[in-house]
Each structure stands twice: as structure tokens, then as C-alpha cells.
Amino acid sequence: MSSSFSVTDTDLITDRLALRPWTPGEVTAVLEGPRPAHWAEDFPAEGDHVIAGLFAEYPAWLGRYGHRQIVERDSGLVVGSIGLFWPPDDGTLEIGYGVVPSRRGRGYAPEATRALTGYAFTAPGVHTVHANVELSNPPSIRVLEKAGFRLASTDPEQNTARYHATSPDRP
Numbered sequence: 031m032s033s034s035f036s037v038t039d040t041d042l043i044t045d046r047l048a049l050r051p052w053t054p055g056e057v058t059a060v061l062e063g064p065r066p067a068h069w070a071e072d073f074p075a076e077g078d079h080v081i082a083g084l085f086a087e088y089p090a091w092l093g094r095y096g097h098r099q100i101v102e103r104d105s106g107l108v109v110g111s112i113g114l115f116w117p118p119d120d121g122t123l124e125i126g127y128g129v130v131p132s133r134r135g136r137g138y139a140p141e142a143t144r145a146l147t148g149y150a151f152t153a154p155g156v157h158t159v160h161a162n163v164e165l166s167n168p169p170s171i172r173v174l175e176k177a178g179f180r181l182a183s184t185d186p187e188q189n190t191a192r193y194h195a196t197s198p199d200r201p
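Add 30 to the 1-based position in the sequence shown for our numbering, that's all there is to it.
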């Protein structure tokens with residue numbers, strides 16, 4: 031898996047995106063409003079509401095290796111979110127992502143997934159990043175494949191698949 035990103039003080043920067051940590055004000059805005067002007071018209075999506083609602087219960091998700099907003103660099107608009115479910119479990123982290131409908135089909139989700147996965151491998155002891163996806167969601171499966179993830183297993187009873195990426199440093 032090849033990823034190209036740079037890290038500023040807080041943001042991960044890719045060719046077209048900035049992956050920026052959530053601020054407390056943005057979490058509050060998702061949960062209670064009002065909408066900031068720097069959000070795409072259709073942000074936040076349902077998944078963003080769910081994740082924002084869980085930050086109080088899982089504060090580590092807002093840490094250095096946690097969840098981030100996906101910002102379109104050209105417009106400066108928040109167009110989705112992506113995150114690692116911290117802390118790692120035996121060197122493994124789960125990743126989740128979502129891009130609003132108005133920005134889908136532009137390759138933002140794979141670009142963000144590659145960058146955050148590459149960044150996850152800089153965390154001490156992290157060697158694998160995985161994602162669980164419903165088999166009935168081919169676009170999400172394509173995101174993972176384009177980001178360099180490989181099918182690890184399927185669960186026909188749950189109609190899900192697990193994809194993973196491993197650190198290039200792992201033998």
C-alpha cells in the first residue's frame with residue numbers, strides 16, 4: 031500500500047485533501063447546530079452524527095490517531111469524515127470513513143483512507159488496519175481495494191467482509 035501525505039502540526043495533507051482533527055465546536059455543531067459555513071451543503075451525514083455522539087464515551091477517538099474531518103483543499107469545505115478507532119487491539123486498528131453524496135466518485139475516500147492508514151503505521155506498535163464492510167455495499171469495498179486493502183475474511187451470516195492493510199515494515 032502506497033500513501034502520499036505530509037503532516038502539519040495537526041493535519042494530514044494529501045494531494046487534494048486535508049484530514050483535520052475535529053474541534054469541540056464542530057462536534058457540538060454536528061450534534062446541536064448551527065452549521066458552520068465551512069461545511070459542504072450535505073455535511074454532516076448520518077454516520078457523522080453517530081460518530082460525534084460517541085466522542086464523549088470514547089475520548090481517545092479525538093486524539094492524535096483518532097477521527098478527522100475530510101476537507102477538500104480547493105474549496106476548504108468539510109466533505110466527510112474518517113477515523114481510527116483508538117486504541118489499538120494487539121497492534122490492530124479499525125478504520126471507518128464517509129464522504130457526502132455531493133463529493134462521491136472523486137476518489138476522496140480512497141485518498142483519505144490511504145493517508146490515514148499510512149499515518150496509523152507511524153503509531154507505536156500498530157501493524158494492521160482493518161475495516162468491516164457490508165457485502166451489499168460495493169462502493170465501500172471499492173474504496174478499500176483502491177486504498178490497497180485486501181480481503182481477509184467474510185462472514186456470510188452477517189453479510190460482511192473484513193479487509194485489512196498491513197504495515198510495509200511487517201515481515
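Beta carbons are placed, not taken as given, at the ideal position from N, Cα and C, and that holds for glycine. This structure is a prediction, so every number in the text was calculated from the model and none was measured.
Pick helix, strand or coil for valine 156, following the three-state DSSP scheme.
coil
Quick test of the definition: if touching needs 3 or more C-beta pairs under 8 Å, does the segment 38-51 touch the segment 73-84?
no
Got a sec, what are the start and stop residues for the beta strand (DSSP E) leucine 98 sits in?
Strictly speaking, residue 98 in this sequence is arginine, with leucine absent from that position. Looking at the DSSP string, the run of the beta strand (DSSP E) that includes arginine 98 is 97-102.
Out of Leu114, Asp119, Glu62, Glu164, which one is the CA nearest neighbour of glycine 148?
Leu114
For alanine 150, the nearest candidate out of Val129, Trp69, Ser197 (CA to CA)
Ser197
Go ahead and pull the three-state DSSP assignment for arginine 46.
coil
Is it right to say proline 54 is buried, meaning 16 or more other beta carbons lie within 10 angstroms of its own, or is it exposed?
exposed
With a threshold of 8 Å, are at least 3 pairs of Cβ atoms found where one atom belongs to the segment 182-189 and the other to the segment 99-110?
no
Per DSSP, the bridge partner or partners of alanine 191
Val163, Thr184
Check whether the Cβ atoms of tyrosine 88 and leucine 123 sit closer than 9 Å, and answer yes or no.
no
Considering only residues of the same chain and omitting the five flanking positions on each side of tyrosine 138, which have a CB-CB separation below 8 Å?
Arg46, Leu47, Ile100, Glu102, Val109, Gly110, Val129
In chain order, what residues of the same chain have a beta carbon less than 6 Å from the beta carbon of proline 74, not counting five sequence neighbours either side?
Val60
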